[in-house]
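Numbering (my numbering), first residue to last: 30 to 195. Backbone N, C-alpha and C fix where the C-beta goes; we use that ideal spot for every residue, glycine too.
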Amino acid sequence: MTPLRDASLPIALTTIDKLLNWGRSNSLWPLTYGLACCAIEMMATGGSRFDFDRFGTIFRASPRQSDVMIIAGTLTKKHAEYTRRLYDQMPEPKWVISMGSCANTGGMFNTYATVQGVDRIIPVDIYLPGCAPRPETLQYALLVLQRKIRSNKAAPQSLKNPRRVI
30 MTPLRDASLP IALTTIDKLL NWGRSNSLWP LTYGLACCAI EMMATGGSRF
80 DFDRFGTIFR ASPRQSDVMI IAGTLTKKHA EYTRRLYDQM PEPKWVISMG
130 SCANTGGMFN TYATVQGVDR IIPVDIYLPG CAPRPETLQY ALLVLQRKIR
180 SNKAAPQSLK NPRRVI
């Protein structure tokens with residue numbers, strides 16, 4: 030390949046992956062998927078006070094239009110199958126944010142009916158601790174996810190191997 034000799038040509042040299050990751054990171058569309066108390070805080074981030082839209086994030090009601098799943102609340106074993114089905118319906122690439130202690134570890138509900146962590150059902154990219162995490166924390170998690178996507182540190186789906194407990 031020969032170098033360009035005419036410096037007046039307006040050419041931007043970059044890899045296509047960087048360009049795609051930049052576009053993906055600035056247009057994340059989370060699935061509205063609230064399971065318990067943390068859903069109230071997730072809904073607050075979409076309101077005018079916290080304004081998720083300024084980050085290019087628009088909540089979607091369909092998994093086929095979403096690329097981020099925010100699991101907010103307690104996941105029961107009965108509901109785990111539906112959660113996996115929704116995750117499988119999302120197009121690639123896709124990311125998951127586990128929001129709150131109940132979604133991360135089962136919370137204080139260590140019972141036979143509660144999944145002890147969403148990562149047993151689907152792969153998780155970002156964990157948000159707390160009961161319930163504040164909307165600012167969810168905004169920060171979104172910014173961290175954007176940074177991971179831009180830097181190519183978000184693991185491809187083929188490398189994620191969730192532990193399945195259904």
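Residue 124 has 97 as its beta-bridge partners, per DSSP. Less than 8 Å separates the beta-carbon of residue 129 from that of residue 101. In this structure residue 94 is exposed. Its beta-carbon is surrounded by fewer than 16 other beta-carbon atoms within 10 angstroms. With 16 or more neighbouring CB atoms inside 10 Å of its own CB, residue 116 falls in the buried class. Of the candidates 168, 99, 133, 119, the residue whose Cα lies closest to the Cα of residue 80 is 168. Taking C-beta separations shorter than 7 Å and ignoring five residues to either side along the sequence, the partners of residue 173 in its chain run 155, following chain order. The stretch 68-82 makes no contact with the stretch 139-156, as fewer than three CB pairs between them are under 8 Å. For residue 156, the enclosing beta strand (DSSP E) stretches over residues 155-157.
Straight-line measurement puts the Cα of residue 133 at about 8 Å from the Cα of residue 148.
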